[in-house]
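Note sheet for the following structure.
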Amino acid sequence: MVARVLKTLARPWDWAMEPLALLRSCLTVRPDFRATLSQLEHFGYRSMGIVATAGLAVGGIVAVHTGGYVRDYSAGDLAGWAVGYATLREIGPLLTGLLLAGRVGAMNAAELADMKARDQILGLEALGLNPVPLVIGPRVWAAFVAGILLYSLAALCALTTAVLGVALSGGLNLQPFLISLHTGTPVAYLLIGQFKAGVFALVVALWSTKEGLKASAGGAEVGRAVNNAAVGSAVGIVVANFFLTLVLP
377 MVARVLKTLA
387 RPWDWAMEPL
397 ALLRSCLTVR
407 PDFRATLSQL
417 EHFGYRSMGI
427 VATAGLAVGG
437 IVAVHTGGYV
447 RDYSAGDLAG
457 WAVGYATLRE
467 IGPLLTGLLL
477 AGRVGAMNAA
487 ELADMKARDQ
497 ILGLEALGLN
507 PVPLVIGPRV
517 WAAFVAGILL
527 YSLAALCALT
537 TAVLGVALSG
547 GLNLQPFLIS
557 LHTGTPVAYL
567 LIGQFKAGVF
577 ALVVALWSTK
587 EGLKASAGGA
597 EVGRAVNNAA
607 VGSAVGIVVA
617 NFFLTLVLP
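In my numbering, each residue's number is its place in the sequence shown (first place is 1) plus 376.
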(Lines of atoms letter the chains of each structure in order from A and count residues from 1; the text may use other names and numbers.)
(Lines give C-alpha, C1' and ligand atoms only; values in the text may rest on other atoms or scores of the structure.)
Protein backbone atom coordinates (compact mmCIF):
# COMPACT_ATOMS: atom_id res chain seq x y z
CA MET A 1 0.00 0.00 0.00
CA VAL A 2 2.80 2.43 0.92
CA ALA A 3 4.66 1.61 -2.28
CA ARG A 4 1.52 2.32 -4.30
CA VAL A 5 1.06 5.71 -2.63
CA LEU A 6 4.70 6.64 -3.20
CA LYS A 7 4.44 5.59 -6.83
CA THR A 8 1.36 7.80 -7.27
CA LEU A 9 3.09 10.77 -5.65
CA ALA A 10 6.16 10.26 -7.82
CA ARG A 11 4.03 10.52 -10.97
CA PRO A 12 1.25 12.93 -10.01
CA TRP A 13 -0.16 13.34 -13.50
CA ASP A 14 -0.59 9.64 -14.29
CA TRP A 15 -3.89 9.39 -12.41
CA ALA A 16 -5.40 12.04 -14.71
CA MET A 17 -4.37 10.52 -18.03
CA GLU A 18 -7.23 8.05 -18.40
CA PRO A 19 -10.02 10.56 -17.62
CA LEU A 20 -8.43 13.04 -20.04
CA ALA A 21 -8.27 10.34 -22.71
CA LEU A 22 -11.96 9.63 -22.13
CA LEU A 23 -12.75 13.33 -22.46
CA ARG A 24 -10.85 13.49 -25.73
CA SER A 25 -12.81 10.51 -27.05
CA CYS A 26 -16.10 12.16 -26.08
CA LEU A 27 -15.10 15.38 -27.82
CA THR A 28 -14.31 13.66 -31.12
CA VAL A 29 -17.67 11.92 -31.60
CA ARG A 30 -21.28 13.05 -31.40
CA PRO A 31 -23.19 11.31 -28.60
CA ASP A 32 -26.49 9.63 -29.31
CA PHE A 33 -29.20 12.21 -28.60
CA ARG A 34 -31.80 9.83 -27.18
CA ALA A 35 -29.27 8.11 -24.96
CA THR A 36 -28.08 11.49 -23.69
CA LEU A 37 -31.63 12.55 -22.82
CA SER A 38 -32.22 9.24 -21.07
CA GLN A 39 -29.07 9.67 -18.98
CA LEU A 40 -29.96 13.30 -18.25
CA GLU A 41 -33.25 12.12 -16.77
CA HIS A 42 -31.38 9.37 -14.94
CA PHE A 43 -28.69 11.62 -13.48
CA GLY A 44 -30.43 14.98 -13.27
CA TYR A 45 -34.15 14.61 -12.71
CA ARG A 46 -33.78 11.84 -10.14
CA SER A 47 -31.23 13.89 -8.21
CA MET A 48 -33.37 17.01 -7.89
CA GLY A 49 -34.89 16.03 -4.55
CA ILE A 50 -31.63 15.47 -2.69
CA VAL A 51 -30.00 18.55 -4.23
CA ALA A 52 -32.97 20.78 -3.37
CA THR A 53 -33.07 19.46 0.20
CA ALA A 54 -29.36 20.06 0.69
CA GLY A 55 -29.64 23.53 -0.84
CA LEU A 56 -32.46 24.49 1.50
CA ALA A 57 -30.46 23.34 4.52
CA VAL A 58 -27.25 25.07 3.43
CA GLY A 59 -29.06 28.35 2.77
CA GLY A 60 -30.35 28.40 6.32
CA ILE A 61 -26.92 27.62 7.73
CA VAL A 62 -25.26 30.38 5.69
CA ALA A 63 -27.89 32.91 6.75
CA VAL A 64 -27.55 32.05 10.45
CA HIS A 65 -23.75 32.21 10.50
CA THR A 66 -23.57 35.31 8.32
CA GLY A 67 -26.12 37.09 10.48
CA GLY A 68 -24.11 36.37 13.60
CA TYR A 69 -20.86 37.69 12.15
CA VAL A 70 -22.29 40.86 10.64
CA ARG A 71 -24.01 41.71 13.94
CA ASP A 72 -20.77 41.22 15.85
CA TYR A 73 -18.86 43.52 13.47
CA SER A 74 -21.72 45.95 12.72
CA ALA A 75 -21.57 45.12 9.01
CA GLY A 76 -25.25 44.56 8.31
CA ASP A 77 -25.01 46.24 4.91
CA LEU A 78 -22.70 43.46 3.72
CA ALA A 79 -24.87 40.54 4.82
CA GLY A 80 -26.66 40.10 1.49
CA TRP A 81 -23.43 40.28 -0.49
CA ALA A 82 -21.76 37.75 1.80
CA VAL A 83 -24.63 35.28 1.44
CA GLY A 84 -24.76 35.71 -2.34
CA TYR A 85 -21.00 35.37 -2.76
CA ALA A 86 -20.71 32.31 -0.55
CA THR A 87 -23.75 30.59 -2.04
CA LEU A 88 -23.26 31.27 -5.74
CA ARG A 89 -19.48 31.09 -6.08
CA GLU A 90 -18.28 28.69 -3.42
CA ILE A 91 -20.76 26.59 -1.46
CA GLY A 92 -23.28 26.03 -4.26
CA PRO A 93 -20.90 24.52 -6.84
CA LEU A 94 -19.00 22.50 -4.24
CA LEU A 95 -22.19 21.16 -2.68
CA THR A 96 -23.55 20.13 -6.08
CA GLY A 97 -20.30 18.48 -7.09
CA LEU A 98 -19.99 16.44 -3.91
CA LEU A 99 -23.62 15.32 -4.13
CA LEU A 100 -23.01 14.25 -7.72
CA ALA A 101 -19.92 12.35 -6.63
CA GLY A 102 -21.88 10.39 -4.05
CA ARG A 103 -24.95 9.73 -6.18
CA VAL A 104 -24.18 10.02 -9.89
CA GLY A 105 -20.55 8.91 -9.66
CA ALA A 106 -21.36 5.78 -7.71
CA MET A 107 -24.37 4.98 -9.91
CA ASN A 108 -22.43 5.48 -13.14
CA ALA A 109 -19.51 3.33 -12.01
CA ALA A 110 -21.83 0.53 -10.85
CA GLU A 111 -23.78 0.48 -14.11
CA LEU A 112 -20.69 0.49 -16.31
CA ALA A 113 -18.97 -2.16 -14.19
CA ASP A 114 -22.07 -4.35 -14.48
CA MET A 115 -22.23 -3.78 -18.24
CA LYS A 116 -18.59 -4.75 -18.59
CA ALA A 117 -19.04 -7.84 -16.41
CA ARG A 118 -21.92 -8.93 -18.65
CA ASP A 119 -19.77 -8.28 -21.77
CA GLN A 120 -22.31 -5.78 -23.08
CA ILE A 121 -19.64 -3.26 -24.07
CA LEU A 122 -17.59 -6.00 -25.71
CA GLY A 123 -20.76 -7.09 -27.52
CA LEU A 124 -21.18 -3.61 -29.01
CA GLU A 125 -17.62 -3.69 -30.29
CA ALA A 126 -18.17 -7.18 -31.71
CA LEU A 127 -21.11 -5.80 -33.70
CA GLY A 128 -18.89 -3.05 -35.08
CA LEU A 129 -20.48 -0.33 -32.92
CA ASN A 130 -18.46 2.32 -31.13
CA PRO A 131 -19.41 2.36 -27.41
CA VAL A 132 -18.27 5.97 -26.99
CA PRO A 133 -21.23 7.69 -28.71
CA LEU A 134 -23.69 5.06 -27.47
CA VAL A 135 -22.65 4.49 -23.85
CA ILE A 136 -19.80 6.70 -22.64
CA GLY A 137 -20.47 10.03 -24.34
CA PRO A 138 -24.14 10.27 -23.33
CA ARG A 139 -23.22 9.66 -19.70
CA VAL A 140 -20.45 12.25 -19.66
CA TRP A 141 -22.41 15.03 -21.34
CA ALA A 142 -25.61 14.26 -19.46
CA ALA A 143 -23.70 14.56 -16.18
CA PHE A 144 -22.19 17.86 -17.37
CA VAL A 145 -25.58 19.38 -18.18
CA ALA A 146 -27.13 17.92 -15.03
CA GLY A 147 -24.40 19.48 -12.91
CA ILE A 148 -25.12 22.97 -14.24
CA LEU A 149 -28.89 22.61 -13.87
CA LEU A 150 -28.70 21.06 -10.41
CA TYR A 151 -26.35 23.81 -9.25
CA SER A 152 -28.89 26.41 -10.37
CA LEU A 153 -31.58 24.58 -8.40
CA ALA A 154 -29.37 24.32 -5.30
CA ALA A 155 -28.45 28.01 -5.49
CA LEU A 156 -32.10 29.04 -5.83
CA CYS A 157 -33.13 26.91 -2.86
CA ALA A 158 -30.23 28.17 -0.73
CA LEU A 159 -30.92 31.84 -1.46
CA THR A 160 -34.63 31.34 -0.80
CA THR A 161 -33.94 29.77 2.58
CA ALA A 162 -31.44 32.49 3.42
CA VAL A 163 -33.97 35.24 2.71
CA LEU A 164 -36.66 33.41 4.70
CA GLY A 165 -34.22 32.90 7.56
CA VAL A 166 -33.42 36.60 7.70
CA ALA A 167 -37.09 37.54 7.49
CA LEU A 168 -38.19 35.15 10.25
CA SER A 169 -35.26 35.48 12.63
CA GLY A 170 -35.45 39.22 13.05
CA GLY A 171 -31.72 39.44 13.63
CA LEU A 172 -31.18 41.48 10.46
CA ASN A 173 -33.32 44.01 8.64
CA LEU A 174 -34.77 42.35 5.56
CA GLN A 175 -34.78 45.39 3.27
CA PRO A 176 -31.05 46.24 3.63
CA PHE A 177 -30.29 42.53 3.25
CA LEU A 178 -32.20 42.32 -0.03
CA ILE A 179 -30.60 45.52 -1.33
CA SER A 180 -27.14 44.21 -0.47
CA LEU A 181 -27.96 40.86 -2.09
CA HIS A 182 -29.19 42.55 -5.27
CA THR A 183 -26.47 45.17 -5.68
CA GLY A 184 -23.56 43.07 -4.43
CA THR A 185 -24.29 39.87 -6.33
CA PRO A 186 -23.66 40.31 -10.08
CA VAL A 187 -24.70 37.81 -12.73
CA ALA A 188 -21.01 36.91 -13.05
CA TYR A 189 -21.23 35.10 -9.70
CA LEU A 190 -23.95 32.84 -11.09
CA LEU A 191 -22.02 32.20 -14.32
CA ILE A 192 -18.84 31.38 -12.42
CA GLY A 193 -20.79 29.01 -10.20
CA GLN A 194 -22.32 27.29 -13.22
CA PHE A 195 -18.90 26.94 -14.82
CA LYS A 196 -17.44 25.42 -11.67
CA ALA A 197 -20.39 23.07 -11.30
CA GLY A 198 -19.95 21.94 -14.91
CA VAL A 199 -16.26 21.25 -14.33
CA PHE A 200 -17.03 19.30 -11.16
CA ALA A 201 -19.68 17.28 -13.00
CA LEU A 202 -17.14 16.42 -15.70
CA VAL A 203 -14.70 15.28 -13.03
CA VAL A 204 -17.37 13.01 -11.56
CA ALA A 205 -18.46 11.63 -14.93
CA LEU A 206 -14.96 10.97 -16.27
CA TRP A 207 -13.57 9.47 -13.07
CA SER A 208 -16.56 7.23 -12.44
CA THR A 209 -16.55 6.10 -16.08
CA LYS A 210 -12.88 5.21 -15.79
CA GLU A 211 -13.45 3.20 -12.64
CA GLY A 212 -16.48 1.43 -14.10
CA LEU A 213 -14.66 0.41 -17.27
CA LYS A 214 -11.63 -0.81 -15.29
CA ALA A 215 -13.67 -3.18 -13.13
CA SER A 216 -13.39 -6.92 -13.65
CA ALA A 217 -16.18 -9.47 -13.34
CA GLY A 218 -17.56 -10.13 -9.88
CA GLY A 219 -19.58 -8.37 -7.22
CA ALA A 220 -16.49 -7.39 -5.25
CA GLU A 221 -15.05 -5.59 -8.28
CA VAL A 222 -18.28 -3.69 -8.80
CA GLY A 223 -18.25 -2.59 -5.17
CA ARG A 224 -14.62 -1.54 -5.45
CA ALA A 225 -15.40 0.48 -8.57
CA VAL A 226 -18.27 2.25 -6.80
CA ASN A 227 -16.08 3.11 -3.81
CA ASN A 228 -13.19 4.32 -5.97
CA ALA A 229 -15.55 6.39 -8.10
CA ALA A 230 -17.15 8.18 -5.14
CA VAL A 231 -13.91 8.83 -3.26
CA GLY A 232 -11.85 9.70 -6.33
CA SER A 233 -14.50 12.07 -7.65
CA ALA A 234 -14.73 13.88 -4.31
CA VAL A 235 -10.95 14.32 -4.15
CA GLY A 236 -10.86 15.48 -7.77
CA ILE A 237 -13.56 18.05 -7.06
CA VAL A 238 -11.64 19.51 -4.12
CA VAL A 239 -8.45 19.71 -6.19
CA ALA A 240 -10.28 21.26 -9.15
CA ASN A 241 -11.95 23.77 -6.83
CA PHE A 242 -8.56 24.88 -5.53
CA PHE A 243 -7.19 25.60 -9.01
CA LEU A 244 -10.42 27.21 -10.23
CA THR A 245 -10.41 29.52 -7.21
CA LEU A 246 -6.89 30.60 -8.14
CA VAL A 247 -7.70 31.17 -11.81
CA LEU A 248 -11.22 32.61 -11.85
CA PRO A 249 -11.69 36.33 -11.11
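Glycine residues also receive a C-beta, built at the ideal position from the N, C-alpha and C atoms.
For residue i, the first and last residue of its enclosing alpha helix (DSSP H)
i: residue 565; result: 563-590
i: residue 487; result: 482-493
i: residue 539; result: 513-545
i: residue 463; result: Residue 463 -> no alpha helix (DSSP H), and no H or E assigned at all.
i: residue 624; result: Taken as a continuous stretch (DSSP letters only), residue 624 belongs to no alpha helix (DSSP H), as it is neither H nor E.
i: residue 502; result: 496-502
i: residue 423; result: Where residue 423 is concerned, there is no enclosing alpha helix (DSSP H), given that its DSSP letter is neither H nor E.
i: residue 478; result: Taken as a continuous stretch (DSSP letters only), residue 478 belongs to no alpha helix (DSSP H), as it is neither H nor E.
Backbone secondary structure at residue i - three-state DSSP
i: residue 407; result: coil
i: residue 445; result: helix
i: residue 469; result: helix
i: residue 450; result: coil
i: residue 395; result: helix
i: residue 428; result: helix
i: residue 617; result: helix
i: residue 435; result: helix
Integer-rounded CB distance, given that residue j should sit under 8 Å from residue i
i: residue 541; j: residue 439; result: 4 Å
i: residue 601; j: residue 489; result: 4 Å
i: residue 593; j: residue 493; result: 4 Å
i: residue 580; j: residue 473; result: 7 Å
i: residue 475; j: residue 426; result: 6 Å
i: residue 454; j: residue 556; result: 6 Å
Sequence-distant residues of its chain with Cβ nearer than 8 Å to residue i (five each side left out)
i: residue 416; result: 518, 521 and 522
i: residue 420; result: 518, 521, 522, 525 and 526
i: residue 624; result: 568, 571 and 572
i: residue 467; result: 434, 438 and 534
i: residue 500; result: 506, 507, 510 and 511
i: residue 545; result: 439, 440 and 443
i: residue 432; result: 533, 534, 536 and 537
i: residue 617; result: 469, 470, 473, 572 and 576
Residues near residue i by beta carbon distance below 6 Å, same chain, minus five either side
i: residue 445; result: none
i: residue 458; result: 442
i: residue 524; result: 570, 573 and 574
i: residue 414; result: none
i: residue 478; result: 606
i: residue 464; result: 531, 565, 566 and 569
Residue i classed as buried or exposed, judged by whether at least 16 other C-beta atoms fall within 10 angstroms
i: residue 553; result: buried
i: residue 627; result: Only positions 377 to 625 of the chain appear in the structure, and residue 627 is not among them; the question remains open.
i: residue 449; result: exposed
i: residue 576; result: buried
i: residue 418; result: buried
i: residue 562; result: exposed
i: residue 485; result: buried
i: residue 559; result: exposed
i: residue 447; result: exposed
i: residue 582; result: buried
i: residue 400; result: exposed
Beta-carbon contacts of residue i that lie in its chain and below 7 Å, excluding the five residues immediately before and after
i: residue 586; result: 394, 395 and 398
i: residue 469; result: 527, 569, 572, 573 and 576
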